[in-house]
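See structure below.
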Amino acid sequence: MTFLAVLVARLSIARLSYAYAEDNFHLDDAMLMNVSEFELHRKLRGMRSLFKFEPHIDLHHRSFLDFLQDPSRSCRFYISQENAQRRYLGLITDSVVQFAEKTIDQPN
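Each residue of the sequence shown is one higher than the one before, starting from 0 at the first, in numbering that gives the first Met the number 0.
Laid out in structure tokens, this is it:
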């Protein structure tokens, strides 16, 4: 569910995200979820019919995003745009805090 929240949040701010299309969103997404890029791909491999992976992880069909954001259709998989963005920002914050802690603990 974390990846779906990240995807919904990122797609909701797509104009901003894709302005940096050369960036490695695969690595960014993996770091936010505290897994390796390989592990992220392994976890998503079974959903190739839903996602495309180049140049960044995206949906093949926008209707899947509509499905995820409609509680009557997606039931337990429902992800509101607001909750997705909140989760995304929370993951970014956690990542920054972890980096700061490592930097403070191991200067230089």
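Where is the CB? At the ideal position from N, CA and C, for every residue including glycine.
Predicted model, so just to flag it, every value in this text is computed and none were measured.
Helix, strand or coil at residue i [DSSP, three-state]
i, result
"Leu39", "helix"
"Phe50", "strand"
Closest Cα partner of residue i within the set the options
i, options, result
"His25", "Phe2, Gly45, Phe76, Ser71", "Phe2"
"Met46", "Arg75, Ser79, His60, Arg72", "His60"
"Ala4", "Arg75, Ile103, Ser71", "Arg75"
"Ser94", "Ile12, Asp28, Leu6", "Asp28"
"Ile12", "Gln80, Asp104, Ser62", "Gln80"
Residue range of the unbroken alpha helix (DSSP H) whose run includes residue i
i, result
"Gly89", "80-104"
"Val5", "1-11"
"Asp69", "Premise fails: Asp69 is in no alpha helix (DSSP H) and is neither H nor E."
"Phe76", "No alpha helix (DSSP H) contains Phe76, which DSSP labels as neither H nor E."
"His25", "24-31"
Beta carbon of residue i nearer than 9 Å to that of residue j
i, j, result
"Tyr77", "Gln84", "no"
"Phe37", "Leu43", "no"
"Leu10", "Leu58", "yes"
"Leu88", "Ala8", "yes"
Same chain only: Cβ atoms within 7 Å of residue i, ignoring 5 sequence neighbours per side
i, result
"Ile91", "Leu31"
"Phe98", "none"
8 Å Cβ shell around residue i - same chain, five flanking residues per side excluded
i, result
"Val34", "Lys42"
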